[in-house]
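Q: Going by UniProt numbering, the final residue of the sequence shown carries number 292, and the count climbs one at a time with no gaps.
Got a structure for you, written out below as structure tokens; questions coming shortly.
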Amino acid sequence: MLFTRKKEPFYSRKKTITLDGRLIEIDHPMVMGILNVTPDSFFDGGKYVSHRAILKRAEKILEEGGEIIDIGAYSTRPGAMDVPAPEEASKLKSAVGLVRKEFPDAIISIDTFRASVAREVITEEGPCIINDISGGTMDDKMFETLAELGVPYIMMHIQGTPQTMQKNPHYDDVVQEILMFFAERVQQLKLLGVKDVILDPGFGFGKSIDHNFDLMNRLDSFGLFQFPLLVGVSRKSMIWKYLGTSAEESLNATTVLNTLALMGGADILRVHDVKEAVETIKIYSKLKSMVK
1 MLFTRKKEPF YSRKKTITLD GRLIEIDHPM VMGILNVTPD SFFDGGKYVS
51 HRAILKRAEK ILEEGGEIID IGAYSTRPGA MDVPAPEEAS KLKSAVGLVR
101 KEFPDAIISI DTFRASVARE VITEEGPCII NDISGGTMDD KMFETLAELG
151 VPYIMMHIQG TPQTMQKNPH YDDVVQEILM FFAERVQQLK LLGVKDVILD
201 PGFGFGKSID HNFDLMNRLD SFGLFQFPLL VGVSRKSMIW KYLGTSAEES
251 LNATTVLNTL ALMGGADILR VHDVKEAVET IKIYSKLKSM VK
């Protein structure tokens, strides 16, 4: 049987984060829906540029059961072109403002590694979760800015930058090295008084196909930390390059990997296809509930 008994975690995992005085419970697996307002994202680039398209996408995420809307204005696909900070900030502010006005109760995260962009968006449009693909390595002001803003932080692991990350990534042990990265960075955040942290091992960011599958196979290793775990494998090249297909044909395999991620301890699934991820969580949760 897949679930034979309830396993007690070595450490008790944190089950809440606070955003703008609002306590957000992460006591069940959640879905984060992707809303890219970029022209060149690897799967949905250019789809959500107009105000109408942005709002329709946000509405669909929420209607299909997504609980967090992750808005990005800087494509982080391998080899992506750099976007000037003022342009990124302007696009993010516009999109966040639109979504917040139409859906005031929506939980919003902003996908940026720039401290100045995060500060500008949050100062002008209100508190958001900061989703940083670099874990603070691409902007040395990010951690202190985060502490000042007092918002939750998604810390992702990356090797290199979006422009260089897939040029022969190397690890002696991918899981151990990411664990060490998180341990060091989490300690820095604790010293600054940051408590609301979500960890993301960074599938596809400076990792080969084998690195990604090794990481998925050992995902439960991240139970060492007390923080919630986010997994984002949606339609990534670890799927379609291995299968010899395309991002457009990768929904079925994405669902398989999302199921495995839940079994490995994922608390949040970051996805393009919200309805399918919500259904995956329902089936997984039903099966898990049968364990006495």
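Just so you know, even glycine gets a beta-carbon here, dropped at the ideal spot from N, CA and C.
1) With a threshold of 6 Å on Cβ separation, who are the neighbours of Ile-54 within its own chain once the five nearest residues in sequence on each side are excluded?
2) In chain order, what residues of the same chain lie with their CB nearer than 8 Å to the CB of Phe-227, ignoring the 5 residues before and after it?
3) Using only alpha-carbon positions, find the residue among Met-156, Met-180, Lys-288 that is nearest to Thr-259.
4) For the segment 147-160 against the segment 118-131, do three or more pairs of beta-carbon atoms, one drawn from each stretch, fall closer than 8 Å, so that the two count as touching?
5) Run the CB neighbour count on Lys-207, radius 10 Å, all protein chains shown included, and call it buried at 16 or more, exposed below.
6) Taking 7 Å as the limit between beta carbons, can you name the residues of its chain near Leu-192, skipping five residues before and five after?
7) Is it true that the CB of Ala-73 sits closer than 8 Å to the CB of Ala-106?
8) Applying the 10 Å Cβ sphere with the 16-neighbour rule, what's the burial state of Thr-137?
9) Going along the chain, which residues of its own chain have a beta-carbon closer than 7 Å to the beta-carbon of Thr-38, five neighbours each way excluded?
10) I need the DSSP call for Phe-43, collapsed to helix, strand or coil.
11) What is the DSSP secondary structure of Thr-38, reduced to helix, strand or coil?
12) Would Met-30 be called buried (16 or more neighbouring beta carbons within 10 Å of its own) or exposed?
13) The beta strand (DSSP E) with Ser-109 in it runs from where to where?
14) Tell me which residues share the same chain as Glu-64 and place their Cβ nearer than 7 Å to its Cβ, disregarding the 5 neighbours each side in the sequence.
15) Tell me, please, which residues DSSP counts as bridged to Leu-149.
16) Excluding the five sequence neighbours on either side, which residues of its own chain have a C-beta within less than 7 Å of the C-beta of His-211, listed in chain order?
17) With DSSP run on the structure shown, which of helix, strand or coil describes residue 300?
18) To the nearest angstrom, how far is the alpha carbon of Lys-88 from that of Ile-108?
A: Reading from the atomic positions:
1) Tyr-48, Ala-95, Leu-98
2) Arg-13, Lys-14, Val-186, Val-197, Ile-198, Leu-199
3) Lys-288
4) Remark: three or more beta-carbon pairs, one from each stretch, lie closer than 8 Å, so the segment 147-160 and the segment 118-131 are flagged as touching.
5) buried
6) Cβ neighbours of Leu-192 beyond the five flanking positions: Phe-143, Glu-144, Ala-147.
7) no
8) Answer is buried; the Cβ neighbour count reaches 16.
9) Gly-45, Gly-72, Ala-73, Tyr-74, Ser-75
10) For Phe-43, the predicted model reports a pLDDT of 49, less than 50, meaning its position is unreliable; a value from the coordinates is still stated below. Reduced to three states, the DSSP call for Phe-43 is coil.
11) Under the three-state reduction of DSSP output, Thr-38 falls in the coil class, being neither helix nor strand.
12) Buried is the call here.
13) 107-111
14) Val-274, Lys-275, Val-278
15) Assignment of beta-bridge partners to Leu-149 by DSSP yields no partner.
16) Closer than 7 Å at Cβ, skipping near neighbours: Pro-169, Tyr-171, Val-174.
17) The question about residue 300 has no answer here: the residues shown for the chain are numbered 1 through 292.
18) A small fix is needed here, since residue 88 is Glu in this sequence, not Lys. If I take the Cα positions, the gap works out to 16 Å.
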